[in-house]
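Colleague: Top line first, the protein sequences correspond to chains A and B.
For the first sequence, the numbering used here begins at 7 and goes up steadily by one.
For the second sequence, the numbering used here begins at 7 and goes up steadily by one.
The C-beta atom is built at its ideal place from N, Cα and C for all residues, glycine as well.
From a predicted model like this one, the values you see are computed outputs, not experimental measurements.
There are 2 protein chains.
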Amino acid sequence: MTITLDDARALDARDPLRAHRDRFLIDPDTIYLDGNSLGALPRASRARIAEAVDEQWGRDLIRSWNKHGWLAAPERIGAKIAPLIGARPAEVIVADSTSVNLFKLLGAALAARPGRKIILSEPGNFPTDLYIAQGVADALPGVELRTLAAGAIADAIDEEVAVVLLTHVHYKTGRMLDMAGITRAAHAKGALVLWDLSHSAGAVPVDLNGCDADLAVGCGYKYLNGGPGAPAFLFVAERLQAELNSPLSGWMGHAAPFAFGDDYAAAPGIRRFLCGTPPILAMTALEAGVEEFAGVDRDALFAKSRALTGLFIDLVEARCAGHGFDLVTPRDPALRGSHVSFRHGEAYPICQAMIARGVIGDFRAPDIFRCGFTPLYTGYGDVWRAVDILADIMDTRAWDKDTYRIVLPVT
Amino acid sequence: MTITLDDARALDARDPLRAHRDRFLIDPDTIYLDGNSLGALPRASRARIAEAVDEQWGRDLIRSWNKHGWLAAPERIGAKIAPLIGARPAEVIVADSTSVNLFKLLGAALAARPGRKIILSEPGNFPTDLYIAQGVADALPGVELRTLAAGAIADAIDEEVAVVLLTHVHYKTGRMLDMAGITRAAHAKGALVLWDLSHSAGAVPVDLNGCDADLAVGCGYKYLNGGPGAPAFLFVAERLQAELNSPLSGWMGHAAPFAFGDDYAAAPGIRRFLCGTPPILAMTALEAGVEEFAGVDRDALFAKSRALTGLFIDLVEARCAGHGFDLVTPRDPALRGSHVSFRHGEAYPICQAMIARGVIGDFRAPDIFRCGFTPLYTGYGDVWRAVDILADIMDTRAWDKDTYRIVLPVT
Numbered sequence: 007m008t009i010t011l012d013d014a015r016a017l018d019a020r021d022p023l024r025a026h027r028d029r030f031l032i033d034p035d036t037i038y039l040d041g042n043s044l045g046a047l048p049r050a051s052r053a054r055i056a057e058a059v060d061e062q063w064g065r066d067l068i069r070s071w072n073k074h075g076w077l078a079a080p081e082r083i084g085a086k087i088a089p090l091i092g093a094r095p096a097e098v099i100v101a102d103s104t105s106v107n108l109f110k111l112l113g114a115a116l117a118a119r120p121g122r123k124i125i126l127s128e129p130g131n132f133p134t135d136l137y138i139a140q141g142v143a144d145a146l147p148g149v150e151l152r153t154l155a156a157g158a159i160a161d162a163i164d165e166e167v168a169v170v171l172l173t174h175v176h177y178k179t180g181r182m183l184d185m186a187g188i189t190r191a192a193h194a195k196g197a198l199v200l201w202d203l204s205h206s207a208g209a210v211p212v213d214l215n216g217c218d219a220d221l222a223v224g225c226g227y228k229y230l231n232g233g234p235g236a237p238a239f240l241f242v243a244e245r246l247q248a249e250l251n252s253p254l255s256g257w258m259g260h261a262a263p264f265a266f267g268d269d270y271a272a273a274p275g276i277r278r279f280l281c282g283t284p285p286i287l288a289m290t291a292l293e294a295g296v297e298e299f300a301g302v303d304r305d306a307l308f309a310k311s312r313a314l315t316g317l318f319i320d321l322v323e324a325r326c327a328g329h330g331f332d333l334v335t336p337r338d339p340a341l342r343g344s345h346v347s348f349r350h351g352e353a354y355p356i357c358q359a360m361i362a363r364g365v366i367g368d369f370r371a372p373d374i375f376r377c378g379f380t381p382l383y384t385g386y387g388d389v390w391r392a393v394d395i396l397a398d399i400m401d402t403r404a405w406d407k408d409t410y411r412i413v414l415p416v417t
Numbered sequence: 007m008t009i010t011l012d013d014a015r016a017l018d019a020r021d022p023l024r025a026h027r028d029r030f031l032i033d034p035d036t037i038y039l040d041g042n043s044l045g046a047l048p049r050a051s052r053a054r055i056a057e058a059v060d061e062q063w064g065r066d067l068i069r070s071w072n073k074h075g076w077l078a079a080p081e082r083i084g085a086k087i088a089p090l091i092g093a094r095p096a097e098v099i100v101a102d103s104t105s106v107n108l109f110k111l112l113g114a115a116l117a118a119r120p121g122r123k124i125i126l127s128e129p130g131n132f133p134t135d136l137y138i139a140q141g142v143a144d145a146l147p148g149v150e151l152r153t154l155a156a157g158a159i160a161d162a163i164d165e166e167v168a169v170v171l172l173t174h175v176h177y178k179t180g181r182m183l184d185m186a187g188i189t190r191a192a193h194a195k196g197a198l199v200l201w202d203l204s205h206s207a208g209a210v211p212v213d214l215n216g217c218d219a220d221l222a223v224g225c226g227y228k229y230l231n232g233g234p235g236a237p238a239f240l241f242v243a244e245r246l247q248a249e250l251n252s253p254l255s256g257w258m259g260h261a262a263p264f265a266f267g268d269d270y271a272a273a274p275g276i277r278r279f280l281c282g283t284p285p286i287l288a289m290t291a292l293e294a295g296v297e298e299f300a301g302v303d304r305d306a307l308f309a310k311s312r313a314l315t316g317l318f319i320d321l322v323e324a325r326c327a328g329h330g331f332d333l334v335t336p337r338d339p340a341l342r343g344s345h346v347s348f349r350h351g352e353a354y355p356i357c358q359a360m361i362a363r364g365v366i367g368d369f370r371a372p373d374i375f376r377c378g379f380t381p382l383y384t385g386y387g388d389v390w391r392a393v394d395i396l397a398d399i400m401d402t403r404a405w406d407k408d409t410y411r412i413v414l415p416v417t
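This is the structure in structure tokens:
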């Protein structure tokens, strides 16, 4: 037996994070289950961005690099992300995109493991992770990207492997990998591990230092609420910072960028992983987004993620039984992230029919219907109503219209 | 004999670009001569950014990738920059930072010239250009960065040179290089040329196609008015696009990024030089900045740049004669960009004293006082008043205070 809408609303009323929802712009006519693709707009971000535009850029102009802390923004925001991922403040910096940061850290890892030529990943990893690794392999003689099913990775790491590249929570399946175990296996063979935290940071527990992690990257525009295409972050364990060098040795990573000398000398700490001039308006939005986590009880946050995803699974399986949905995401809450995927042969028109009814989830080719649950602002009532609409769409075959089959290039 | 303030004001009154000044937020108490470092805020940008935040991100969320043209923004904005630099619309794209784009194109150029191992540049080129080239040389076996005085470059290009990396208008001296001549010399030896247009685009004539140019990058936050740390642009001649591959092969450069396949396949045209997800808020500001050039008579724009810089040189040399200023920038207007640099042993405190009087120019180590003139919004009266203040500071030795010697890490 599953819960009623009243039960779900009672859960919302008791939710210790309830007040955070009001800090976001939430359209009452929409149930937004795509915060894992683009986080909602924090109300406070609007004024922060307007201030950066009007007062910082418009009025103070070039003086803002010092006066408004633009220069320090990359490590200041990194330090605010650090507690969400179990890192020390000086181990995280905001820069560029996830893709660019993957390139920096793969290049740095390969150079730090001379003689080792293998990047080890899994097939079906998020495409940009594999694409960037392929670009690194094409650029550097002898380097090879090898892929193996995630379950086989720990045993396959050997002395040829320079770096293991894995996504902590899989973008499509929602499966969470054993960060501590894989890191231990890699270290036993002298290899480094680079974790992509794009679908983890801000939604599920991550303990980089507790796992003795080496390297990580992650996305600013999903659970961190940084806005569309927000700058990304990267993590380099303090013990590795001095020996790792970014191949993207731009001026902002220089020890003395404003000395304008001809010779590159990497900054001593995490700043060496900066490259070009930071995009201040985008950084401002990201900083405001990350600040939404200030004062949030992280145990309550992560418990709510598990409760929301669990409720969605239970309700879909109860209310849509017999409609051909096949759960892809692990049933064990300790093994999954904050999104849930069901396989269905008609996933695309079903997703479009849901959007037409105001429930924004997403489709991942070829047959995945995926819904994300952002514990800061998604409610139990949202989950209940979303499944209620899904059940109605399935019961009435409302998805079976030509208009829902027109494929749009959505992200 | 030099002109009077009334003469300068009469020039402003006759200026065909006069109306454009009112489109920017200009503080009446400031004379801003640093648009070559950070362009002023276009008034229209404020509403555009607020719309992107409130309506696109806040209301339409993930749907905006299609509905508001986020996906197409990189090439849409690139096409608007193209006419400013003599390129075809399909040859320019907005992406990442200038530094990251330098890495992409240096890597692509070296791969396209197998067997050639030399990147040829000049000492004193903008630091990030040299730093990135050093990073490329460190990452790729056998590749070497060689530097030679700019005047010696054309004759020194030989069959070992893969790519020549030069800045069209030098950030410190304002000297403009002969793009056509150097490109011709490089092509005669089978080498490519990568031009950095950061101090050129939007301020001085650039004719990439007329020069048969190969590759270029440039900055969005200077004369293009894109806001602090705005995304940069890159140019790849259409004839080269199919054979050049970015080493930063991120998902946005894929031929079918939303097919989520495991294997990288570069997009057919200029989009292959994208890497990660574009930063939409920053792109929005850049697009609004670039649109300030719509309907601007480019001949009038570039003529005004030469007139402003010429007036500044004349007035400083007349009004500050005997105070030790040494012109670094070429006197021939055809050989200079839109900023003027004077060498002076006390350039730092002089620059600080000017800022204290509301005239924002900048200092470039060790001894350069540099002022930029943005033809869209700088007036002849601004130039006159700036030099009047400079003359007063020099005549009264007002710069000679300890407070003006406190060195700040300004950009």
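1) For A:A243 and A:E81, what's the separation of their Cα atoms in angstroms?
2) What three-state label does DSSP hand A:W201 in the structure shown?
3) Residues in its own chain within less than 6 Å of B:S51 by CB, not counting five upstream and five downstream?
4) Taking DSSP as the reference, what is the three-state secondary structure of A:I399?
5) Report yes if the CB atom of B:S103 is closer than 8 Å to the CB atom of A:G256, and no otherwise.
6) Look at the alpha carbon of B:R15 and the alpha carbon of B:Y386, and state the distance between them as a whole number of angstroms.
7) Go through its chain and collect everything with a Cβ distance to B:I163's Cβ below 7 Å, but skip five positions before and after it.
8) Against chain A, which members of the segment 277-310 of chain B pass a CB distance test of less than 7 Å?
9) Assign A:V416 to one of three DSSP states: helix, strand, or coil.
10) Could you work out which residue in B:P336, B:I374, B:P339 is closest to B:Q358 when comparing CA atoms only?
11) Less than 8 Å between the C-beta atoms of A:N42 and A:H260, yes or no?
12) For B:R152 and B:I124, which I take to be in contact (beta-carbon distance under 8 Å), what is that distance rounded to the nearest angstrom?
13) When burial is assigned at 16 or more other CB atoms within 10 Å of the CB, is B:V413 buried or exposed?
14) Tell me whether A:C217 sits in a helix, a strand or coil according to DSSP, three-state version.
15) Can you have a look at A:E249 and say buried or exposed, based on whether 16 or more other CB atoms are within 10 angstroms of its CB?
16) In terms of residue numbering, what span does the beta strand (DSSP E) encompassing B:D368 cover?
17) Just to confirm the assignment, what range does the alpha helix (DSSP H) spanning A:C357 have?
18) Can you name, in chain order, every residue of its own chain whose Cβ lies under 7 Å from the Cβ of B:T283, other than the five neighbours on each side?
19) Quick check: B:Y270 and A:G378, are their CB atoms within less than 8 Å of each other?
20) For A:P48 and A:R363, what's the separation of their Cα atoms in angstroms?
21) Bridge partners for A:Y38 per DSSP, in chain order?
22) With a threshold of 8 Å between beta-carbons, can B:G351 be considered close to chain A, or not?
23) Compare the C-alpha of A:E298 against each of A:Y38, A:T36, A:G45 and name the closest.
24) Check whether the segment 176-187 of chain A and the segment 205-225 of chain A are in contact - that is, three or more C-beta pairs closer than 8 Å.
25) For a test of the three-state rule: what should DSSP assign to A:D21, helix, strand or coil?
26) For B:I99, name the three-state secondary structure that DSSP assigns.
27) Listing by chain order, which chain B residues have their CB less than 7 Å from the CB of A:A56?
28) Less than 8 Å between C-beta atoms, sequence neighbours within five positions excluded: which residues of the same chain meet that for B:E166?
29) Helix, strand or coil: how does DSSP classify A:I124 here?
30) Apart from the five residues just before and just after A:D21, which ones in its own chain have a Cβ nearer than 8 Å to its Cβ?
31) For the segment 197-210 of chain B against the segment 223-242 of chain B, do three or more pairs of beta-carbon atoms, one drawn from each stretch, fall closer than 8 Å, so that the two count as touching?
32) Identify the continuous beta strand (DSSP E) that holds B:I374 and give its terminal residues.
33) Please classify B:T189 as buried or exposed, where buried requires at least 16 other C-beta atoms within 10 Å of its C-beta.
34) Within the same chain, show all residues whose beta-carbon is closer than 7 Å to that of A:L31, passing over the 5 residues directly before and after it, in chain order.
35) Taking the CB atoms as reference points, tell me whether B:V106 and B:M289 lie closer together than 8 Å.
36) Contact defined as beta carbons within less than 8 Å: I believe A:R349 pairs with A:D332. What is the distance between those atoms, to the nearest angstrom?
Modeller: Quick answer:
1) As a working note, residue 243 of chain A is residue 237 in the first sequence. As a working note, residue 81 of chain A is residue 75 in the first sequence. Roughly 14 Å between the two C-alpha positions.
2) Position 195 of the first sequence holds residue 201 of chain A. In the structure shown, A:W201 sits in a strand (DSSP, three-state: E or B).
3) Numbered from its first residue, the second sequence carries residue 51 of chain B at position 45. Same-chain partners within the cutoff: A291, A294.
4) Translated into positions along the first sequence, residue 399 of chain A becomes position 393. It is helical.
5) As a position in the second sequence, residue 103 of chain B is number 97, starting the count at 1. As a position in the first sequence, residue 256 of chain A is number 250, starting the count at 1. Cβ atoms of B:S103 and A:G256: closer than 8 Å.
6) Indexing the second sequence from 1 puts residue 15 of chain B at position 9. Indexing the second sequence from 1 puts residue 386 of chain B at position 380. Rounded to whole angstroms, B:R15 to B:Y386 spans 7 Å at the Cα level.
7) Here residue 163 of chain B corresponds to residue number 157 of the second sequence, with the count starting at 1. Cβ within range, chain order: L126, V170, A191, A192, K195, A197.
8) Residues passing the 7 Å Cβ filter: C281, G282, T283, P284, P285, I286, L287, A288, A291.
9) Residue mapping note: residue 416 of chain A aligns to position 410 of the first sequence, counting from 1. Since pLDDT at A:V416 reaches only 47, below the 50 mark, its modelled position is unreliable, and the value read off the structure follows with that caveat. Note: A:V416 maps to coil in three-state DSSP.
10) Within the second sequence, residue 358 of chain B is the residue found at index 352, counting from 1. Minimum Cα distance to B:Q358 is reached at B:I374.
11) One-based indexing of the first sequence puts residue 42 of chain A at position 36. One-based indexing of the first sequence puts residue 260 of chain A at position 254. No.
12) Residue mapping note: residue 152 of chain B aligns to position 146 of the second sequence, counting from 1. Residue mapping note: residue 124 of chain B aligns to position 118 of the second sequence, counting from 1. About 5 Å separates the two Cβ atoms, so the contact holds.
13) Indexing the second sequence from 1 puts residue 413 of chain B at position 407. Classification for B:V413: exposed.
14) For this step, residue 217 of chain A is matched to residue 211 along the first sequence. Reduced to three states, the DSSP call for A:C217 is coil.
15) Against the first sequence, residue 249 of chain A aligns to sequence position 243. Exposed is the call here.
16) In the second sequence, residue 368 of chain B corresponds to position 362, counting from 1. That run of the beta strand (DSSP E) goes 368-370.
17) Here residue 357 of chain A corresponds to residue number 351 of the first sequence, with the count starting at 1. 353-362 is the span of the alpha helix (DSSP H), which, as asked, contains A:C357.
18) Start at 1 with the first residue of the second sequence, and residue 283 of chain B comes out as number 277. Excluding sequence neighbours, B:T283 sits near M258.
19) As a working note, residue 270 of chain B is residue 264 in the second sequence. As a working note, residue 378 of chain A is residue 372 in the first sequence. Contact flag unset, no.
20) Within the first sequence, residue 48 of chain A is the residue found at index 42, counting from 1. Within the first sequence, residue 363 of chain A is the residue found at index 357, counting from 1. Those two C-alpha atoms are separated by around 24 Å.
21) By 1-based counting over the first sequence, the position of residue 38 of chain A is 32. A:Y38 is bridged to A:I366.
22) The sequence position of residue 351 of chain B within the second sequence is 345, counting from 1. Output row for B:G351: interface = no.
23) For the purposes of this step, residue 298 of chain A is taken as the residue at position 292 of the first sequence. The residue with the shortest Cα to Cα distance from A:E298 is A:G45.
24) yes
25) What you label residue 21 of chain A is simply residue 15 of the first sequence in a count that begins at 1. Coil.
26) Within the second sequence, numbered from 1, the residue matching residue 99 of chain B stands at position 93. If DSSP states are grouped into helix, strand and coil, B:I99 belongs with the strands.
27) Taking the first residue of the first sequence as 1, we reach residue 56 of chain A at position 50. The answer, in chain order, is A56.
28) Counting from one through the second sequence, the residue named residue 166 of chain B turns up at place 160. R122, K123, I124.
29) On the first sequence, residue 124 of chain A is found 118 positions in, with the first residue counted as 1. Here A:I124 sits in strand by DSSP.
30) What you label residue 21 of chain A is simply residue 15 of the first sequence in a count that begins at 1. Closer than 8 Å at the Cβ level, and outside the excluded window around A:D21, lie K310, G385, Y386.
31) yes
32) Walking along the second sequence from the start, residue 374 of chain B turns up at place 368. B:I374 -> beta strand (DSSP E) spans 374-378.
33) The sequence position of residue 189 of chain B within the second sequence is 183, counting from 1. With 16 or more Cβ atoms within 10 Å of its Cβ, B:T189 is classed as buried.
34) Mapped onto the first sequence, residue 31 of chain A falls at position 25. The answer, listed in chain order, is A46, L47, R49.
35) Here residue 106 of chain B refers to the residue found at position 100 of the second sequence. Here residue 289 of chain B refers to the residue found at position 283 of the second sequence. No.
36) Start at 1 with the first residue of the first sequence, and residue 349 of chain A comes out as number 343. Start at 1 with the first residue of the first sequence, and residue 332 of chain A comes out as number 326. At roughly 4 Å, the Cβ-Cβ gap stays under 8 Å, so A:R349 and A:D332 are in contact.
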